[in-house]
Amino acid sequence: MSDLTAMVRSVVDDNRYMTLGTVEPDGLPRLTPVYFTHDGYRSFYWVSEPGSQHSRNLAREPRLSIVIFDSRRLPGAGEAVYLSATARQVPDEELAAECEIAFRDVGGGAEPFAPEELCGGAELRLYRADITSYAVHIRGGDPDYGTGVDKRMTVVM
């Protein structure tokens, strides 16, 4: 495993919130923090209300950007993971299998949802983002990859 792959895994594993970047109808970005879980760094899950603006944006345009970072880091010590993905609301007929995957490790005192809490007349639904590309934030002073200026570097997972 490369050190950049290890960085992706570390940032994802050490954080529970990610910021979704969806596309508004006027083309502007909408940024939304959500609590997440993941399956093998390839699929990321969250629960949202289908009527929320970011959920409506995804129903119209399923491509999105995601960033995961630890805001507790000191200046100059930050690490971030940038993800491109395609997302969708998990259909009711897939909920049992997807909930088993999405909620096997919720961590941080969160409680897993049961499929029946995410269908029918329930207010919330399960969403899944399938990752299409990965990148990491490289600090300008990084001893291995730094160039004096912060940059993004693509990672193959």
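Once you know that position 11 of the sequence shown is 10 in numbering that gives the first Met the number 0, the rest is easy, because the numbers rise by one and skip nothing. Note that CB positions come from ideal geometry on N, CA and C, so glycine has one too.
| Item | Value |
| --- | --- |
| Reduced DSSP category for M156 - H, G, I as helix; E, B as strand; rest coil | coil |
| Rounded distance between the beta-carbons of T31 and T18, thought under 8 Å | 7 Å |
| N- and C-terminal bounds of the alpha helix (DSSP H) containing S54 | Q52 to R59 |
| 7 Å Cβ shell around L63 - same chain, five flanking residues per side excluded | L19, G20, T21, L57, A84, A86 and A128 |
| Given 8 Å, three or more beta-carbon pairs between the region 63-76 and the region 125-145 | yes |
| Minimum length 3: unbroken beta strand (DSSP E) runs contained in the region 15-92 | 16-22, 28-34, 36-38, 42-47, 62-68 and 79-88 |
| T4 - DSSP class collapsed to helix/strand/coil | helix |
| Straight-line gap, P28 to D2 (C-alpha atoms, nearest Å) | 31 Å |
| A95 classed as buried or exposed, judged by whether at least 16 other C-beta atoms fall within 10 angstroms | exposed |
| Straight-line Cα distance separating M6 from T146 | 18 Å |
| Nearest to R72 (by Cα), restricted to the options P142, S132, K150 and D13 | D13 |
| Separation of V66 from C98, as counted between CA atoms | 23 Å |
| The alpha helix (DSSP H) enclosing L123, as first and last residue numbers | Neither: L123 is in no alpha helix (DSSP H) and is coded neither H nor E. |
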